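Visitor: Structure in structure tokens, see below.
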Amino acid sequence: MYIDVFNGDADGICALQQLRLVSPLDSLLVTGLKRDIGLLSQVSAGEGDKITVLDISLDKNRNALMALLDAGAEVTYFDHHFAGNIPQHPRLQRVIDTQPDTCTSLLVNEFLQGKHLVWAVTAAFGDNLFDSACEAARPLNLSNNKLALLKKLGTCINYNGYGASLDDLFFPPVDLYKKIKPYEDPFDFINEDDAYNILLNGYEEDMLKATTVNCESENESSAVYILPDTKWARRVSGIFGNDLAQKYPNKAHAVLTAKGKDRYQVSVRAPLRTKKGADKLCRQFETGGGRQAAAGINELPDSELDNFIAVFKQHFA
Ligand SMILES: [Mn+2]
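Position one of the sequence shown corresponds to residue 1077 (this note's numbering), numbered consecutively onward.
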């Protein structure tokens, strides 16, 4: 059996898109919300099974990975999140690079020698790596308009992954992948499938609401925003953070979204100028993780809010 395990954001979806355009096959699809990163624990497999893992932290899936390898499964692992010690195993193929300018889809693009670069560019935009996306796009000789369209598509696919439950999302990520799957060319997807316009409208409406929220705390090097416990806020929190990072590249940003009465979900964006430190900050908190430029904390208790803000400010001062 083939099993494709992928993050439900633009990077995970576009990574699988590139691989399956080159090697089409029927596989069991395992994905979820962008924040569902412990995906390997959902997989049961053994001898003869081939598992491809895309865009989820090895460190957060280490135990499940080792168990699957020990059970006889073959695993190919592409990722750019914090990995910790990367295990060696005869049945594990690893393409892991945690440098802040790359993403899983760009790693897959290299692996496939550029066969579906246009999807990797889309993903790099989705992961807020605008410079890397433009750089990677050069061989495609796209017009500025087309490049801008890929940026919107990447942003919209990424936007669709955020939320506390599938109920917050416009499309379950597995369904969005299935809609994208038939298209070798993302511009055909944009023109032919309703999903793009549905996501673009949702994104623009949610962003408009987010821009009315006042800053909670701000200084020269960082800013903190707190969004309410609503569907639109849960959907837009990560993209809102990306947008702030692009607008104020010298500042770090934390976007907290209320979760019930006494908790927050936190998105942290390092200053784009350095793209460093977000994962290190978030890992200091119990449910934190991510990559150098963008990281998060799944549940921050209200009792730790002041401490978080103080630590965040100091970390990026
Ligand atoms: Mn990614």
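All C-beta atoms in this analysis are idealised placements derived from N, C-alpha and C, irrespective of residue type, glycine included. No experiment lies behind these values; they were computed from the predicted model shown.
1. Among H1329, S1298, P1325, Y1324, which residue has its Cα nearest to the Cα of S1313?
2. How about G1239 and A1086: do their beta carbons lie closer than 9 angstroms?
3. Helix, strand or coil: how does DSSP classify Q1093 here?
4. For ligand 1, is there a heavy atom less than 8 angstroms away from the beta-carbon of C1232?
5. Does I1127 get closer than 9 angstroms to chain D when you measure Cβ to Cβ?
6. Starting from the N-terminal side, write out each stretch of the alpha helix (DSSP H) that is 4 residues or longer and does not extend beyond the segment 1199 to 1237.
7. Determine the direct distance from the alpha carbon of F1201 to that of Y1279, and round the result to whole angstroms.
8. Enumerate in chain order the residues of its own chain whose CB-to-CB distance from K1227 is below 6 angstroms, with the five nearest sequence positions on each side excluded.
9. If we count the other Cβ atoms within 10 Å of its Cβ and call it buried at 16 or more, is K1110 buried or exposed?
10. For G1353, collect the residues of the same chain with a Cβ closer than 8 angstroms to its Cβ; drop the 5 residues on either side in sequence, then sort them by chain order.
11. Please enumerate, following chain order, all residues with a beta carbon closer than 6 angstroms to at least one heavy atom belonging to ligand 1.
12. State the start and end residues of the unbroken beta strand (DSSP E) segment that holds N1374.
13. May I have a chain-ordered list of the beta strand (DSSP E) segments no shorter than 3 residues that lie completely inside the segment 1246 to 1322?
14. My output table needs one value for R1349: the three-state DSSP class, helix, strand or coil.
15. Please report how far the alpha carbon of C1102 lies from the alpha carbon of G1124, in whole angstroms.
16. Roughly how many angstroms separate the alpha carbons of P1249 and T1107, rounded to a whole number?
17. Nearest by alpha-carbon distance to L1223: which of F1206, T1333, L1116 is it?
18. Is it the case that the segment 1250 to 1259 contacts the segment 1334 to 1351, given that we only count it when at least three CB pairs across the two stretches are under 8 angstroms?
19. When burial is assigned at 16 or more other CB atoms within 10 Å of the CB, is S1379 buried or exposed?
20. Which residues mark the beginning and the end of the alpha helix (DSSP H) in which Q1390 is found?
21. With the cut-off set at 9 angstroms, would you say L1095 and L1130 are in Cβ contact?
22. Once DSSP output is grouped into helix, strand and coil, what is the label at L1332?
23. So the alpha helix (DSSP H) K1136 belongs to, where does it begin and stop?
24. Who does E1150 pair with in a DSSP beta bridge?
25. If you reduce the DSSP assignment to three classes, tell me which class Q1118 lands in.
26. L1104 and A1078 - do their beta-carbons sit closer together than 9 angstroms?
27. Excluding the five sequence neighbours on either side, which residues of its own chain have a C-beta within less than 8 angstroms of the C-beta of S1241, listed in chain order?
28. By the DSSP assignment, the beta strand (DSSP E) with F1025 in it spans what residues?
29. Just reading off the beta strand (DSSP E) that L1168 is part of, what are its end residues?
30. Using CA atoms only, rank isn't needed, just tell me which of T1178, A1143, R1170, K1136 is closest to K1351.
Guide: According to the structure shown:
1. H1329
2. no
3. helix
4. no
5. No chain D appears in this structure, which consists of one protein chain only.
6. 1206 to 1213, 1220 to 1236
7. 15 angstroms
8. F1201
9. buried
10. A1328, A1346, Q1368, H1391, F1392
11. D1087, D1131, H1156, C1179, T1180, D1203
12. 1370 to 1377
13. 1291 to 1294, 1298 to 1303
14. coil
15. Going by the sequence as given, residue 1102 is Asp instead of Cys. Going by the C-alpha atoms only, they are around 15 angstroms apart.
16. 7 angstroms
17. F1206
18. no
19. exposed
20. 1381 to 1391
21. yes
22. strand
23. 1134 to 1146
24. K1126
25. helix
26. Before going further, note that residue 1078 is Tyr rather than Ala in the sequence given. Yes, Cβ-Cβ distance for Y1078 and L1104 is below 9 angstroms.
27. L1109
28. In the structure as shown, the chain starts at 1077 and stops at 1393, and residue 1025 therefore has no counterpart that could be examined.
29. 1168 to 1172
30. T1178
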